[in-house]
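Chemist: Residue numbers (my numbering): 4 to 282. By construction, the Cβ of each residue, glycine as well, lies at the ideal position given by its N, Cα and C atoms. Fair warning: this is a prediction, and the values are worked out from it, not measured in the lab. For reference, the structure I am asking about is given below.
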Amino acid sequence: MADAQRAKAPAPKAAAVKAAPKAAAAPSAADWRTPNPDDILVIDTNKGRIVVEMVPEVAPGHVARIRDLAKQHFFDRQRFFRVIENFMAQTGDPMNNGTGGSPQPDIEPEFTFRRGADMPFALAADQSVAEIGFVRSLPVMTQSMMLAPMTRDQKVTGWALYCPGVAGMARGQEEASANSQFFLMRAAYPSLEKRYTAWGRVIAGQDVVNSIKTGEPVEPPQDWMNTVRLLSDIPATERPTVRVVDTKGAWFKREIERVRAARGADFSACDVSIPAEVK
Numbered sequence: 004m005a006d007a008q009r010a011k012a013p014a015p016k017a018a019a020v021k022a023a024p025k026a027a028a029a030p031s032a033a034d035w036r037t038p039n040p041d042d043i044l045v046i047d048t049n050k051g052r053i054v055v056e057m058v059p060e061v062a063p064g065h066v067a068r069i070r071d072l073a074k075q076h077f078f079d080r081q082r083f084f085r086v087i088e089n090f091m092a093q094t095g096d097p098m099n100n101g102t103g104g105s106p107q108p109d110i111e112p113e114f115t116f117r118r119g120a121d122m123p124f125a126l127a128a129d130q131s132v133a134e135i136g137f138v139r140s141l142p143v144m145t146q147s148m149m150l151a152p153m154t155r156d157q158k159v160t161g162w163a164l165y166c167p168g169v170a171g172m173a174r175g176q177e178e179a180s181a182n183s184q185f186f187l188m189r190a191a192y193p194s195l196e197k198r199y200t201a202w203g204r205v206i207a208g209q210d211v212v213n214s215i216k217t218g219e220p221v222e223p224p225q226d227w228m229n230t231v232r233l234l235s236d237i238p239a240t241e242r243p244t245v246r247v248v249d250t251k252g253a254w255f256k257r258e259i260e261r262v263r264a265a266r267g268a269d270f271s272a273c274d275v276s277i278p279a280e281v282k
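Below, the structure written as structure tokens:
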């Protein structure tokens, strides 16, 4: 998605992802967690509700920007102006054409992050020199933690994996040009990794993301976001209850093992679904 913010560009070829078999057993009550309401972004669109869990552990500056703009109601009524099948749905531009942004300064890139022993990382695959897993709901890859004792900060480098549902920040040609525009993935796109900042993932409403009208640009009428709010800012009388399976829990560990056995050498973190409930 080169120059995704200001110009059209040929989209990279999508990676083929095979569907994993359905889970054999439902999670028990102990397998769920209640996410921080300040980290949940509730996007109510004309097509339905999308719920995104933001992950400040991997992109604190970008999560802070999204929180701030949501509190200002900056995103309300903005359109999905660039939506590409088997790629992503882009929005967050007050101009609704890919040229605009917020009055705030652009953000420094957070293409990678530093993983320490205190990060809530759930291992999915150990590749000796690298580890694939999840930070909360976000799929990531990092260097092996065996390297941590040899680094100055006792941490290793990690980056998000662009699986379906991952929320990323659009930018121009300059790496430090992200501002307010963001996109929600409709398919896996490994070529975006370490080139665009990922700041969260859709935990409910991926079907809504996939139903948004496509086009580059999208012809009128475009689909839109009615309101974009933090869960913590929604009045108690209308606030949904959100819970998501804990990727550090026993059920998810078994689910990873089941999917890995079914997929074999083709296993990818994108194959693993993370159940969530929004009521």
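1. With 16 other CB atoms within 10 Å as the buried threshold, where does Val132 fall?
2. I need the DSSP call for Ser276, collapsed to helix, strand or coil.
3. By how many angstroms is the C-alpha of Pro238 removed from the C-alpha of Cys273?
4. Would you list, in sequence order, the uninterrupted beta strand (DSSP E) runs of no fewer than 3 residues that lie entirely inside the region 142-218?
5. Rounding to the nearest angstrom, what Cα-Cα distance links Phe114 and Pro63 in this structure?
6. Go ahead and label Val262 buried or exposed: buried means 16 or more other beta carbons lie within 10 angstroms of its beta carbon, across all protein chains shown.
7. Going residue by residue through the region 65-147, where are the continuous beta strand (DSSP E) segments of at least 3 residues, counting only ones entirely within it?
8. According to DSSP, is Arg263 part of a helix, a strand, or is it coil?
9. My assumption, with CB atoms under 8 angstroms, is that Trp202 sits in contact with Ala151. Please give the rounded CB distance.
10. How long is the line joining the alpha carbons of Arg80 and Asp42, rounded to whole angstroms?
11. I'd like the span of the beta strand (DSSP E) that includes Asn229, first residue to last.
12. Are there 16 or more other CB atoms within 10 angstroms of the CB of His65, so buried, or fewer, so exposed?
13. Going by the beta-carbon positions, is the gap between Ala190 and Phe270 smaller than 8 angstroms?
14. Using only the alpha-carbon positions, how far apart do Asp121 and Val159 sit?
15. Following the continuous beta strand (DSSP E) through Glu56, name the residue where it begins and the one where it ends.
16. Check whether the Cβ atoms of Leu234 and Val247 sit closer than 8 angstroms, and answer yes or no.
17. Can you find at least 3 beta carbon pairs, one from the region 95-110 and one from the region 142-151, that sit closer than 8 angstroms?
18. Identify, in the order they occur along the chain, each residue of the same chain with its Cβ nearer than 6 angstroms to the Cβ of Ala207, setting aside the five sequence neighbours on each side.
19. By Cβ distance below 6 angstroms, which residues in the same chain neighbour Trp254 in space, the five residues on each side in sequence not counted?
20. So Ile46 is in the beta strand (DSSP E); what residue range does that whole segment cover?
21. Should Ala12 go down as buried or exposed, given a rule of 16 or more other Cβ atoms within 10 Å for buried?
22. Using the Cα positions of Gly175 and Thr240, report the straight-line distance between them to the nearest angstrom.
Modeler: Short version:
1. The residue labelled residue 132 in the question sits at position 129 within the sequence shown. For Val132, the number of other beta carbons within 10 angstroms of its own is below 16, and it is reported as exposed.
2. For the purposes of this step, residue 276 is identified with residue 273 of the sequence shown, where counting begins at 1. In the structure shown, the three-state DSSP call for Ser276 is coil.
3. As a position in the sequence shown, residue 273 is number 270, starting the count at 1. As a position in the sequence shown, residue 238 is number 235, starting the count at 1. If I take the Cα positions, the gap works out to 34 angstroms.
4. Counting whole runs of 3 or more residues, the region 142-218 contains the beta strand (DSSP E) stretches 159-163, 169-172, 185-188 and 201-207.
5. Within the sequence shown, the letter at position 111 stands for residue 114. Within the sequence shown, the letter at position 60 stands for residue 63. Approximately 11 angstroms, taken between the alpha carbons.
6. Taking the sequence shown and counting its residues from 1, one reaches residue 262 at position 259. In the assembly as shown, Val262 is a buried residue. Its beta-carbon has 16 or more other beta-carbons within 10 Å.
7. Restricting attention to beta strand (DSSP E) runs no shorter than 3 residues, the region 65-147 encloses them at 85-87, 91-94, 116-118, 124-129, 133-138 and 141-146, ordered along the chain.
8. Position 260 of the sequence shown, counting from 1, holds the residue named residue 263. Three-state DSSP puts Arg263 in a helix.
9. Numbered from 1 along the sequence shown, position 199 holds the residue referred to as residue 202. Numbered from 1 along the sequence shown, position 148 holds the residue referred to as residue 151. In fact, because the Cβ distance is near 24 angstroms, the residues do not count as touching under 8 angstroms.
10. Position 77 of the sequence shown, counted from the start, is the residue given in the question as residue 80. Position 39 of the sequence shown, counted from the start, is the residue given in the question as residue 42. Rounded to whole angstroms, Arg80 to Asp42 spans 21 angstroms at the Cα level.
11. Mapped onto the sequence shown, residue 229 falls at position 226. Counting along the chain, the beta strand (DSSP E) containing Asn229 begins and ends at Met228 to Leu233.
12. Within the sequence shown, the letter at position 62 stands for residue 65. With a 10 Å radius around the Cβ and a threshold of 16 neighbouring Cβ atoms, His65 comes out buried.
13. Mapped onto the sequence shown, residue 190 falls at position 187. Mapped onto the sequence shown, residue 270 falls at position 267. No.
14. Stepping through the sequence shown from its first residue, residue 121 is reached at position 118. Stepping through the sequence shown from its first residue, residue 159 is reached at position 156. Distance between the alpha carbons of Asp121 and Val159 is about 12 angstroms.
15. On the sequence shown, position 53 is the one that residue 56 refers to. Residues Gly51 to Met57.
16. As a working mapping, residue 234 is identified with position 231 in the sequence shown. As a working mapping, residue 247 is identified with position 244 in the sequence shown. Taking 8 angstroms as the Cβ cut-off, Leu234 and Val247 do not qualify as a contacting pair.
17. By the Cβ criterion, the region 95-110 is not in contact with the region 142-151, since fewer than three pairs of Cβ atoms, one from each stretch, lie closer than 8 angstroms.
18. For the purposes of this step, residue 207 is identified with residue 204 of the sequence shown, where counting begins at 1. Hits under 6 angstroms: Val54, Ala279 and Val281.
19. As a first step, residue 254 must be located in the sequence shown, where it is residue number 251. Contacts found: Pro30 and Asp34.
20. Here residue 46 corresponds to residue number 43 of the sequence shown, with the count starting at 1. Per DSSP, Ile46 belongs to the beta strand (DSSP E) from Ile43 to Thr48.
21. Counting from 1 along the sequence shown, the entry for residue 12 is found at position 9. With a pLDDT of only 38 at Ala12, under the threshold of 50, the placement of this residue in the model should not be trusted; the figure read from the coordinates follows. The residue is exposed, with fewer than 16 neighbouring Cβ atoms inside 10 Å.
22. Position 172 of the sequence shown, counted from the start, is the residue given in the question as residue 175. Position 237 of the sequence shown, counted from the start, is the residue given in the question as residue 240. Their backbone Cα atoms lie some 40 angstroms apart in a straight line.
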